[in-house]
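**Q** The sequence shown maps to residues 35 to 133 in the working numbering. Heads up, the beta-carbon is just placed ideally off N, CA and C, and yes, glycines get one too. Questions regarding the structure given below will be posed in turn.
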Amino acid sequence: MTTSFVGQSNSKLWLAAIKPPMYSVAIIPIWVGTAVAFAETRIINTAIFSTFLLSAIWIVAWLNLSNDVFDAETGIETHKHHSVVNLTGNKPLVFWNRH
35 MTTSFVGQSN SKLWLAAIKP PMYSVAIIPI WVGTAVAFAE TRIINTAIFS TFLLSAIWIV
95 AWLNLSNDVF DAETGIETHK HHSVVNLTGN KPLVFWNRH
């Protein structure tokens with residue numbers, strides 16, 4: 035196994051762990067709501083748009099990480115190589131807990 039293959043494989047695992055398609059659940063409603071508001075008012079408040087967009091992304095990221103940590107605690111993800119906990123090998127780092 036070459037190092038380039040290992041690096042590519044590791045990056046694919048991280049991409050699977052981050053789960054980019056899951057963020058569309060948070061992003062699309064913000065975009066649609068902003069489009070409707072713009073259609074009505076012809077004004078976009080970028081501060082409000084950015085705040086809601088970033089907040090939605092952070093909430094989904096937190097849900098993803100907390101799910102990985104609790105799945106790791108139950109042992110259900112021992113063979114799931116694209117878990118953030120398994121990739122880092124450090125559950126307290128992922129969830130910032132005291133255990």
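Mind checking whether V118 and M56 have CB atoms under 8 Å apart?
**A** no
**Q** Counting pairs of beta carbons, one from the region 66-73 and one from the region 89-103, are three or more of them closer than 8 Å?
**A** no
**Q** If you follow the alpha helix (DSSP H) that G123 is in, where does it begin and where does it stop?
**A** Where G123 is concerned, there is no enclosing alpha helix (DSSP H), given that its DSSP letter is neither H nor E.
**Q** Where do the ends of the alpha helix (DSSP H) carrying P63 lie?
**A** S58 to T75
**Q** So T68 packs on I52, CB below 8 Å; how close in whole Å?
**A** Contact flag wrong, Cβ pair sits at about 24 Å.
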